[in-house]
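Just so you know, the protein sequences line up as chains V and S, in that order. Using numbering that gives the first Met the number 0, the letters of the first sequence map in sequence onto residues 0 to 278. Using numbering that gives the first Met the number 0, the letters of the second sequence map in sequence onto residues 0 to 287. Ideal placement from N, C-alpha and C gives every residue a C-beta, glycine not left out. Since we're looking at a predicted model, the values are computed, not measured. Scroll down for the structure; my scribbles are underneath it.
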Amino acid sequence: MRSLIVAIALVAALLGRSDGAQAFDESKYPDWKGQWRRAEAGPPRYDPSKPLREQQAPLTEEYRAIYAASIADQLAGGQGNDPTYTCLAPGMPRIMNVYDPLEIVITPETTYFLIQHIHDSRRIFTDGRNFPEEVEPLFAGYSIGKWIDSDGDGRYDTLEVETRNMRGPRAFDGLGLPLHRDNQTVIKERIYAEKADPNMIINEITTIDNALTRPWTATKKYRRVSTEQPVWPEAACAEGNVHVEIGGQNYFLSADGFLMPARKDQAPPSLKYFDQSQR
Amino acid sequence: MLNRILISVMTLTAALLMSVGVAAAFDDAQYPNLKGQWIRERAPAGVTGQGPFDPTKSWGHAQQAPLTPEYKAKFEESLADQAEGGPGFWPGARCLPPGMPAMMTNFRPMEIIVKPETTWILIDHIHETHRRIFTDGRRWPEWVEPTFDGYSIGQWIDTDGDGRYDVLEVETRHFKGPRTFEPSGMPLHDDNKTVIKERIYLDKADPNLLHDEMTVVDSALTKPWSVDKKFRRVKEARPYWPEDICAEGQAMIHVGKETYWVAGDGHLMPVKKGQAPPDLRYFKQPPK
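Shown next as structure tokens:
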């Protein structure tokens with residue numbers, strides 16, 4: 000009998016914990032450790048299956064005109080509708096274009112998408128919370144996720160995410176493909192590794208936005224780099240940024256430290272607040 | 000009969016342990032519980048200034064930084080510029096990352112994620128910092144691209160032998176600049192050969208108080224400079240994580256070595272009395 004008690008105590012000691020804390024069983028979650036990069040060639044874009052200039056976004060007429068104006072402005076030397084040139088955060092869904100390497104850190108309560116680009120990281124809360132009633136809008140939005148065991152093998156394989164509460168200005172890409180100014184965007188994602196290739200993550204992303212005539216779905220892919228100890232570059236957007244915005248106009252900073260026009264025959268900024276004799 | 004039960008129990012144990020082994024569960028009880036949101040501990044009475052490096056003293060001269068004469072002169076230059084309305088040497092005024100060691104002053108809430116291979120320190124202030132402290136036993140790489148945050152290697156220590164780690168010892172090297180200790184513009188050396196050693200641990204008497212005993216070795220200093228930074232865990236179980244977008248609403252612009260304000264009406268303004276306007280030599284039209 001004493002042997003039995005000792006054996007049971009051993010089981011309890013080995014499998015249980017006196018402090019009531021639960022070990023985080025990583026094997027219940029997919030192994031997404033390491034560094035991930037956008038799998039598609041070419042410039043970052045919302046729908047990687049189409050070229051950047053042929054996204055065929057289902058824009059409303061009003062927003063089609065805004066997009067056309069953005070492209071025209073960029074052709075003239077301006078920045079169009081792309082808010083990131085002054086180092087504003089790209090926000091969602093553009094973050095998931097993955098401009099710079101991505102790291103995914105999974106804990107039971109939160110999954111972190113860490114991207115060091117301009118300001119591109121996300122927290123996806125998986126602790127069972129609901130959307131808060133009042134939350135300060137964020138460029139990255141407020142993301143709530145749920146892990147799914149889609150094939151019933153006892154391990155999670157898919158992260159379903161819904162993101163709301165965004166602020167702007169935001170665009171889908173560098174051409175300034177616009178989202179609606181009302182910032183009522185809702186984004187749904189299904190993120191999972193390819194069955195045949197655990198080094199490829201798929202992100203089925205659907206954007207619902209008032210700039211669109213219907214929900215717009217794209218499939219993004221991220222490839223895990225094979226380096227065991229990858230280099231994590233530090234992107235400091237303000238470092239060496241040659242764009243400045245003054246009074247809604249963008250200008251260049253020349254290499255020799257002077258203001259320059261960004262477009263042909265652009266007027267200089269007003270100097271009315273400076274002592275006239277110093278001009 | 001008893002023996003049979005005993006064998007069954009032991010078999011069950013073995014089976015369960017094997018499954019645990021395969022699963023490679025991360026036993027987070029081996030590590031201190033650093034979850035939640037951490038903010039800078041309230042400064043002692045009488046301490047003034049925005050985020051002094053040594054939290055027990057006011058920023059600026061009161062820090063009594065052991066600066067070399069050359070860097071003491073640079074520091075005075077920064078203070079003089081700030082007194083006139085300029086940004087001094089504080090890189091944050093240009094939306095550049097504060098980097099180490101200033102980032103650990105914790106100007107904004109901090110989150111710490113602990114995994115066996117890496118501890119992440121996330122602070123969204125000016126720059127969205129993901130400081131990675133590698134605890135996977137790696138050695139210093141032969142070549143590292145310098146960064147504002149530096150390259151950090153850490154080691155978890157069980158100082159009291161209770162079978163649980165309680166201290167994270169960190170060494171950080173491979174920096175770039177410009178970096179300063181604090182917003183007063185107190186400079187680190189331009190050679191960026193800074194080495195920073197830290198001991199990060201929970202207070203024995205208060206698990207919601209985190210210490211970061213930090214020693215900075217830098218060529219701008221006559222001796223290593225040690226401080227104890229303290230962080231307080233907020234009570235909210237689901238705290239709000241603000242986004243700090245430096246460029247948003249940034250009223251300062253920098254042209255060459257000069258800084259200007261952009262007024263509410265969108266026009267350029269001097270930051271200092273008598274400041275000359277920017278040179279507009281590349282424009283064809285005269286300014287209005």
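Give me the chain S residues within the contact set of residue i, using Cβ-Cβ distance strictly less than 9 Å, ordered along the chain.
{"i": "Ile245/V", "result": "Ile252, Tyr259, Val261, Gly265, His266 and Leu267"}
{"i": "Gly256/V", "result": "Val254, Gly255, Lys256, Glu257 and Asp278"}
With distance defined between alpha-carbon atoms, name the residue in the options nearest to residue i.
{"i": "Pro267/V", "options": "Phe251/V, Asp255/V and Gly256/V", "result": "Phe251/V"}
{"i": "Gly48/S", "options": "Gly59/S, Glu40/S, Pro108/S and Arg39/S", "result": "Gly59/S"}
{"i": "Glu159/V", "options": "Ile147/V, Gly151/V and Gly167/V", "result": "Ile147/V"}
{"i": "His129/S", "options": "Gln54/V, Ala170/V, Pro100/V and Leu174/V", "result": "Pro100/V"}
{"i": "Leu137/V", "options": "Pro241/S, Lys271/S and Ile252/S", "result": "Pro241/S"}
{"i": "Ala75/V", "options": "Gly127/V, Asp126/V and Leu174/V", "result": "Leu174/V"}
{"i": "Thr162/V", "options": "Lys219/V, Gly256/V, Met91/V and Glu60/V", "result": "Met91/V"}
{"i": "Trp155/S", "options": "Val226/S, Thr146/S, Ala275/S and Glu168/S", "result": "Glu168/S"}
{"i": "Pro168/V", "options": "Ala261/V, Asn182/V and Tyr155/V", "result": "Asn182/V"}
{"i": "Thr221/S", "options": "Ala72/S, Thr67/S and Gly263/S", "result": "Thr67/S"}
{"i": "Phe133/S", "options": "Glu141/S, Glu144/S and Trp119/S", "result": "Trp119/S"}
{"i": "Lys220/V", "options": "Ser269/V, Tyr191/V and Ala22/V", "result": "Tyr191/V"}
{"i": "Asp196/V", "options": "Ile204/V, Glu238/V, Val224/V and Pro177/V", "result": "Val224/V"}
{"i": "Asp150/V", "options": "Ala22/V, Lys27/V, Thr109/V and Thr106/V", "result": "Lys27/V"}
{"i": "Cys86/V", "options": "Glu127/S, Thr146/S, Leu267/S and Ala219/S", "result": "Glu127/S"}
{"i": "Asp202/S", "options": "Asp227/S, Ala219/S, Lys196/S and Glu144/S", "result": "Asp227/S"}
{"i": "His242/V", "options": "Gln62/S, Ile252/S, Asp243/S and Tyr239/S", "result": "Ile252/S"}
Quick one: is residue i buried, meaning 16 or more other Cβ sit within 10 Å of its Cβ, or exposed?
{"i": "Phe180/S", "result": "buried"}
{"i": "Ala250/S", "result": "exposed"}
{"i": "Pro277/S", "result": "buried"}
{"i": "Asn191/S", "result": "buried"}
{"i": "Asp27/S", "result": "buried"}
{"i": "Ser142/V", "result": "buried"}
{"i": "Asn96/V", "result": "buried"}
{"i": "Ser225/S", "result": "exposed"}
{"i": "Thr212/V", "result": "exposed"}
{"i": "Asn207/S", "result": "exposed"}
Chain S partners of residue i, CB-CB under 7 Å?
{"i": "Leu113/V", "result": "His129"}
{"i": "Lys49/V", "result": "Those do not exist, as Lys49/V stays about 30 Å from chain S at its closest Cβ, beyond 7 Å."}
Name the chain V residues that come within less than 7 Å of residue i, Cβ to Cβ?
{"i": "Lys203/S", "result": "Simply none; closest approach about 17 Å."}
{"i": "His126/S", "result": "Ala235"}
{"i": "Asp26/S", "result": "Ala22"}
{"i": "Glu247/S", "result": "Leu87"}
Following the continuous beta strand (DSSP E) through residue i, name the residue where it begins and the one where it ends.
{"i": "Lys27/V", "result": "Lys27/V -> no beta strand (DSSP E), and no H or E assigned at all."}
{"i": "Arg131/S", "result": "His126 to Phe133"}
{"i": "Asp303/V", "result": "The question about residue 303/V has no answer here: the residues shown for chain V are numbered 0 through 278."}
{"i": "Gly144/V", "result": "Tyr141 to Ile147"}
{"i": "Tyr150/S", "result": "Tyr150 to Ile156"}
{"i": "Asn129/V", "result": "Unbroken run through Asn129/V: none, as it is neither H nor E."}
{"i": "Lys234/S", "result": "No beta strand (DSSP E) contains Lys234/S, which DSSP labels as neither H nor E."}
{"i": "Gln248/V", "result": "Gln248 to Leu252"}
{"i": "Glu141/S", "result": "Glu141/S -> no beta strand (DSSP E), and no H or E assigned at all."}
{"i": "His242/V", "result": "His242 to Ile245"}
Identify the contact partners of residue i in chain S, using a Cβ-Cβ distance below 8 Å as the criterion.
{"i": "Asp264/V", "result": "Lys283 and Gln284"}
Run through chain V and tell me which residues come within less than 8 Å of residue i, C-beta to C-beta.
{"i": "Asp80/S", "result": "Those do not exist, as Asp80/S stays about 17 Å from chain V at its closest Cβ, beyond 8 Å."}
Could you spell out the range, first to last residue, of the alpha helix (DSSP H) harbouring residue i?
{"i": "Tyr66/V", "result": "Glu60 to Leu74"}
{"i": "Leu78/S", "result": "Pro68 to Ala82"}
Kindly list, in the order they appear in chain V, the residues whose Cβ is closer than 9 Å to that of residue i.
{"i": "Pro241/S", "result": "Glu135 and Leu137"}
{"i": "Trp37/S", "result": "Within chain V, no residue comes near Trp37/S; the closest Cβ sits about 15 Å away, beyond 9 Å."}
Give me the subset of the region 20–36 of chain V whose CB atoms are less than 9 Å from a CB atom of chain S, sorted by chain position.
Ala20, Gln21, Ala22, Phe23, Asp24, Glu25, Ser26, Lys27 and Lys32
Tell me which residues of the region 222–233 of chain V have at least one Cβ-Cβ distance to chain S shorter than 8 Å, keeping chain order.
Gln228, Val230, Trp231, Pro232 and Glu233
Give, in chain order, every residue of the region 143–156 of chain S whose Cβ lies closer than 7 Å to some Cβ of chain V.
Glu144, Thr146, Phe147 and Asp148
Using Cβ-Cβ distances below 7 Å, what residues of the region 188–217 of chain V are close to chain S?
The region 188–217 of chain V vs chain S, Cβ under 7 Å: nothing.
With 8 Å as the C-beta to C-beta threshold (strictly closer), list the residues of the region 87–102 of chain S near chain V in chain order.
Arg93, Cys94, Leu95 and Pro96
Short-range partners of chain V found in the region 130–141 of chain S, where Cβ spacing is below 7 Å:
Arg131 and Arg137
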